[in-house]
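Visitor: Residue numbers for the sequence shown, in UniProt numbering: 1 to 111.
The structure follows.
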Amino acid sequence: MIDSDLEEEYEMILKRTLQSICLLTINPNTTTSIIIQVIDDDGALLSCAINAACVALVDAGIPTEHLAVAICCCVAKSGCVILDPTRLEEQIIIEFPLLIYYIHDTWCRKL
Numbered sequence: 001m002i003d004s005d006l007e008e009e010y011e012m013i014l015k016r017t018l019q020s021i022c023l024l025t026i027n028p029n030t031t032t033s034i035i036i037q038v039i040d041d042d043g044a045l046l047s048c049a050i051n052a053a054c055v056a057l058v059d060a061g062i063p064t065e066h067l068a069v070a071i072c073c074c075v076a077k078s079g080c081v082i083l084d085p086t087r088l089e090e091q092i093i094i095e096f097p098l099l100i101y102y103i104h105d106t107w108c109r110k111l
C-alpha cells in the first residue's frame with residue numbers, strides 16, 4: 001500500500017504524462033476518465049501504470065500525438081543499475097529515476 005502523498009504525486013505525474021500525449025483539441029467537449037486499480041504492487045508501480053494507461057488509450061481509440069513508454073530503474077548501494085526493480089529492491093536503493101519516452105514515428109525524446 002502506498003501512502004497518500006506518494007499516491008498524489010503518482011497521480012499528478014500520470015495525469016501530466018497522459019495529457020501531453022492526447023490530442024485534446026479533436027473532441028473538445030468530451031471527457032476521458034482513466035481509472036488505475038492497483039491489485040498488487042511488486043515494484044515499478046508508476047511505470048506500470050503509465051504503460052497500462054497508454055495501452056488503454058490506444059485500445060479505446062483515443063487520438064494521441066505520441067505514445068509514452070515508461071521504465072523504472074534504480075541505483076543500488078553497490079552501484080549496480082537495476083531495471084524494473086521489485087518492491088524489496090526499491091527499499092534498498094539510493095537513486096530512483098523514472099524514465100518516460102515519447103515515441104513519435106522514428107524518434108524519441110527523454111523527459
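Note that CB positions come from ideal geometry on N, CA and C, so glycine has one too.
(1) Check this for me: beta carbons of Pro63 and Leu14, under 7 Å apart or not?
(2) Rounded to the nearest angstrom, what separates Ile92 and Val81 at their Cα positions?
(3) With a cut-off of 8 Å, do at least 3 Cβ pairs link the stretch 68 to 84 to the stretch 27 to 34?
(4) How big is the Cα-Cα spacing for Pro85 and Arg16?
(5) CA-CA distance, Cys108 and Tyr101?
(6) Please report the residue range of the beta strand (DSSP E) in which Val58 lies.
(7) Which residues in the same chain have their Cβ closer than 6 Å to the Cβ of Ile94, if we skip the five residues on either side of it in sequence?
(8) By Cβ distance, which residues of its chain are closer than 8 Å to Ser46, with the 5 residues on each side in sequence left out?
(9) Which residue comes first and which comes last in the alpha helix (DSSP H) that contains Glu7?
(10) Out of Leu88, Ser4, Leu57, Glu89, state which residue places its alpha-carbon closest to the alpha-carbon of Gln19.
(11) Sorted by chain position, which residues of the same chain lie with C-beta nearer than 8 Å to Asp105's C-beta, five sequence neighbours on each side aside?
Guide: Working from what's here:
(1) no
(2) 12 Å
(3) no
(4) 24 Å
(5) Only weak support is given to the placement of Cys108: the predicted model assigns it a pLDDT of 42, under 50, and the question is left unresolved by the model.
(6) Taken as a continuous stretch (DSSP letters only), Val58 belongs to no beta strand (DSSP E), being part of the alpha helix (DSSP H) at 45 to 60.
(7) Val75, Lys77
(8) The displayed chain sequence assigns Leu, not Ser, to residue 46. Around Leu46: Tyr10, Ile13, Leu14, Ala70, Cys72, Leu98.
(9) 4 to 21
(10) Leu57
(11) Confidence at Asp105 is low in this model, with a pLDDT of 48, below 50, so the placement of that residue should be treated as unreliable; the coordinate-derived value is given next. Answer for Asp105: no residue qualifies.
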